[in-house]
Amino acid sequence: MTADTLQIEIRQTEVSRLKEIDFNNLGFGRNMADHMFIADYSDGHWQNSRIVPYGELSLSPATAALHYGQTIFEGMKAYKSPQGDTLLFRPTDNWKRFNKSAERMCMPAIPEEIFMGGLTELVRLDSAWVPSQEGSALYIRPYMFAADAYVGVKPSDTYTFIIFTGPVGSYFAKPPRVKIETHFIRAAEGGVGGAKCGGNYAGSLYPAKLAQQEGYDQLIWTDAREHAYIEESGAMNVMFVMDGKLVTPFVSDTTLDGITRKTIVAIAHHWGIPVEERRISVKEIIDALKEGRLESAFGAGTAAVVSHIATIGYEGADYTLPEVAEDSFAKNVKDYLNQIYTGKTEDIFGWTLKV
Ligand code: PLP
Ligand code: COI
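Numbering (my numbering), first residue to last: 1154 to 1508.
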């Protein structure tokens, strides 16, 4: 069988695993849908686009990505509308960011028709896996890795691009307690912080483990020079509501240019709420917390959606944030976003794509 948009060979699974899934108890990242899309890069071009049953890969122990971390990924979601349509959210922004990451990591760009064609064909084929339970979605993980079996350090000549998906519930079981990190760093200017590359996440695990031993769930990273300015969190951008404004660190080459973040900024502008995208000092946040001026702090990301932060820890002191108020920006924007994602309100911004 071949898809019409692009030549994709499709080999369907003989037995679906769908009935094994408890859609009322999904958690995050444990369940994978029936199929995956794969394309190979060799001889200077992408080829061999195919959809096959989700399953194991066979790799050489010398595969370059396993040694030197030349690997990038994306995270996106598909939602089910009340009419039963499957909706993707701003998928071409993920494609563009993927290629930005690819450039920084010295990897080949993936053409739009392969990224979008593979994505839409895969999601269409596994559309029965898109959950309709509130707060659930089909998480989509496109990624690329250096596939050469070669032990010297150099850009690979061959790459593998894969998209797999899986139904997910909430990323956080409860509003996270976050610690402002003032010793370790995630990214420095001129580094790879702005790329969605595997190493950024590997390097965050040890500092995050230490914070977890102190009772925190996540870190808020600070700048590498002075530890004086807020950057972002482990898997989400951070946003603050204070003094009647939405305030968020600007995007630089040390932070990920989050799609949820820029969506929320656009909604705030649309609602006439003042927005400041700028450098935010840790001191400013701690002062606002002490003076009761910080209405809310939340993480914004595909997995996290809008995750209200319960507590911020800084230099041994814990500051508890107020509960999210009924008519607050944080609550309203989360509700509105969920309505747009699921097609329950008119998408006046043109962000959703029906597959
Ligand atoms: N920052 C980091 C480090 C992330 O991993 C993510 C998740 O993708 C985000 C921010 C949020 O980005 P997005 O809203 O595009 O998912
Ligand atoms: C996402 O929000 O899609 C992410 O990539 C976060 C991930 C590290 C779980």
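Cβ atoms here follow ideal geometry from the backbone N, Cα and C, with glycine treated the same way. Just so you know, these numbers come straight off a predicted model, no measurement behind them.
Excluding five sequence neighbours on each side, which residues of the same chain lie with their C-beta closer than 6 Å to the C-beta of residue 1218?
1224, 1298 and 1299
Considering only C-alpha positions, which residue in the set 1441, 1452 and 1412 is nearest to residue 1246?
1412
Between the beta-carbon of residue 1377 and the beta-carbon of residue 1421, is there less than 8 Å?
no
When the Cα of residue 1432 is compared with those of 1403, 1450 and 1278, which residue comes out closest?
1403
In the DSSP assignment, what are the bridge partners of residue 1295?
1316
For residue 1213, I'd like the list of residues in its chain whose CB is within less than 8 Å of its CB, leaving aside the five on either flank, ordered along the chain.
1302
For residue 1165, count neighbouring C-beta atoms within 10 Å of its own C-beta (all shown protein chains included) and say buried if the count is 16 or more, exposed if not.
exposed
Taking 8 Å as the cut-off, decide whether the C-beta atoms of residue 1329 and residue 1460 are in contact.
yes
Of the residues 1342, 1332, 1457 and 1169, the one placed nearest residue 1407, counting alpha carbons only:
1342
Residue 1456 and residue 1474 closer than 8 Å at C-beta
no
Report buried or exposed for residue 1436, applying the criterion of at least 16 other Cβ atoms within 10 angstroms of its Cβ.
exposed
8 Å contact criterion, which residue 1276 and residue 1318 should meet: CB distance rounded:
7 Å
Exposed unless 16 or more other CB atoms sit within 10 angstroms - verdict on residue 1547:
Outside the shown range of the chain, which is 1154 to 1508, sits residue 1547, and nothing can be said about it.
Taking the alpha carbon of residue 1190 as the point to measure from, which residue in 1311, 1163, 1399 and 1454 has its own alpha carbon closest?
1163
Per DSSP, residue 1482 forms a beta bridge with which residues?
Answer by DSSP bridge pairing: none, since residue 1482 is not bridged.
Does at least one heavy atom of the ligand COI sit under 7 Å from the Cβ of residue 1326?
no
How is residue 1283 classed by DSSP in three states: helix, strand or coil?
coil
Simplified DSSP assignment, three categories, for residue 1164:
coil
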